[in-house]
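A short write-up of the structure that comes next.
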Amino acid sequence: MTAQILDGKATAAAIKSDLTVRVAALKEKGVTPGLGTILVGDDPGSHKYVAGKHRDCAEVGIASIQRELPATATQDEIEAVVRELNEDPACTGYIVQLPLPRGIDENRVLELMDPDKDADGLHPMNLGRLVLNEPAPLPCTPNGVLTLLRRHGVEIKGAEVVVVGRGVTIGRPMPLLLTRRSENATVTQCHTGTRDLSAHLRRADIIVAAAGSAHLVRPEDVKPGAAVLDVGVSRNAEGKIVGDVHPGVAEVAGWISPNPGGVGPMTRAQLLVNVVEAAERSVD
Ligand SMILES: Nc1nc2c(c(=O)[nH]1)N[C@@H](CN(C=O)c1ccc(C(=O)N[C@@H](CCC(=O)O)C(=O)O)cc1)CN2
């Protein structure tokens with residue numbers, strides 16, 4: 001068996017094409033959506049991700065508001081920029097690129113954001129709304145995973161899903177989206193404290209590998225025909241992306257998302273969706 005490819009690039013392109021039309025309609029009403037980004041420090045990956053987000057904005061007609069601070073920025077200096085974007089009428093929604101430098105209290109920064117401008121869906125208020133089944137902007141990567149599965153006809157209802165990882169951007173919120181009544185999946189959350197990870201993986205109809213551990217998921221860990229989402233990113237000595245999923249899994253799985261080219265582009269596309277939806281709510 002060779003897995004069907006969950007093509008994030010093509011799916012993201014279709015989403016951006018639809019958003020271009022929606023942004024033009026907003027501009028007809030005098031509203032230009034604006035995405036703000038706060039980037040602290042000099043991590044090359046973060047700089048690459050934020051640059052990609054703003055390229056996407058230019059592609060669909062969303063305005064960009066970019067704030068960069070040095071790795072030496074203090075908690076107060078970062079929070080001052082958060083307060084600035086909270087008040088900026090040109091900023092429809094914004095993100096604080098994670099991770100922040102060591103020593104900065106990330107949770108305090110996220111809690112200071114205006115929840116209505118939380119384009120990442122990671123504000124405690126919005127994660128709480130998710131728990132309470134209240135409308136809220138959805139975390140971009142988990143929502144990108146769902147969109148990829150749906151667009152490729154992977155059955156989620158009643159599926160046994162194993163999520164590997166418990167990070168704030170993927171692992172922690174992913175089960176919240178999958179166990180909503182609209183998805184009705186059964187989720188097992190695995191992490192570094194899990195005994196016999198392979199036993200859990202072999203039961204899964206869907207695997208979301210978001211640990212950031214190179215080739216953690218091997219061919220022998222995957223039930224034939226399962227859908228495997230390779231989300232976690234490590235980099236080898238040459239700086240090349242190595243995913244959480246061993247390439248040999250493609251011979252066993254029914255569907256697989258490439259990495260790069262799978263969930264990453266979906267993360268960026270869902271961010272744009274959150275910004276456009278916030279702007280559309282402002283004119284309703
Ligand atoms: N505030 C946030 N910080 C971080 C998030 C997030 O959702 N919000 N997620 C990750 C990084 N991330 C978003 O910022 C992200 C990861 C990957 C990609 C992407 O397009 N990847 C490409 C490859 C890019 C490359 O060549 O390195 C792909 O997979 O094809 C976009 C965004 C942590 N921080």
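Heads up, the sequence shown is in full-length UniProt numbering, so the first residue is 1 and it goes up one at a time. Just so it is clear, CB atoms sit at the ideal spot from N, CA and C, and this is done for glycine as well.
For S198, which residues from the same chain have a beta carbon less than 6 angstroms from its beta carbon, with the 5 sequence-adjacent residues on both sides left out?
Result list for S198: D221, in chain order.
Go through its chain and collect everything with a Cβ distance to L201's Cβ below 7 angstroms, but skip five positions before and after it.
Taken in chain order, the residues that qualify are V162, I207, V217, D221, V222.
Indicate the three-state DSSP secondary structure (helix, strand or coil) for L201 in the structure shown.
Helix, per DSSP.
I need the DSSP call for C57, collapsed to helix, strand or coil.
Note: C57 maps to helix in three-state DSSP.
So the beta strand (DSSP E) E183 belongs to, where does it begin and stop?
E183 -> no beta strand (DSSP E), and no H or E assigned at all.
Can you find a heavy atom of ligand 1 that lies under 7 angstroms from the Cβ of C190?
Between ligand 1 and C190, a heavy atom-to-CB distance of less than 7 angstroms is absent.
Would you report the Cα separation of Q66 and G36, rounded to the nearest angstrom?
Roughly 6 angstroms separates the two Cα atoms.
Would you give the residue range spanned by the alpha helix (DSSP H) that T267 belongs to?
Taken as a continuous stretch (DSSP letters only), the alpha helix (DSSP H) holding T267 covers 263 to 283.
Using the Cα positions of I241 and R235, report the straight-line distance between them to the nearest angstrom.
Going by the C-alpha atoms only, they are around 5 angstroms apart.
Between I95 and ligand 1, is the CB less than 7 angstroms from at least one heavy atom?
Checking the Cβ of I95 against ligand 1 gives yes.
Which residue or residues does DSSP assign as beta-bridge partners of E160?
Bridge partners of E160: T186.
Sequence-distant residues of the same chain with beta carbon closer than 8 angstroms to G158, five excluded per side
Only N184, A185, T186 meet the Cβ criterion.
Checking the sheet assignment: what are the DSSP bridge partners for E68?
DSSP, once it has assigned bridges, lists L39 as partnering E68.
Residue from E28, G8, V40, I62 with nearest C-alpha to L19:
Relative to L19, the option among E28, G8, V40, I62 whose CA is nearest is I62.
In the DSSP assignment, find the unbroken beta strand (DSSP E) run with R129 in it and report its ends.
Where R129 is concerned, there is no enclosing beta strand (DSSP E), although the alpha helix (DSSP H) it sits in stretches over 124 to 131.
Under 7 angstroms from any heavy atom of ligand 2, does the C-beta of G171 make it?
For the structure depicted, ligand 2 is absent and the ligand set comprises only ligand 1.
Could you pull out every residue in the same chain whose Cβ sits closer than 8 angstroms to the Cβ of A209, ignoring the five residues on either side in sequence?
Apart from the 5 residues on each side of it in sequence, A209 sits with its Cβ closer than 8 angstroms to the Cβ of V164, G165, L216, V217, V228, L229, D230, V231, G232, G243, D244, V245 in its chain, given in chain order.
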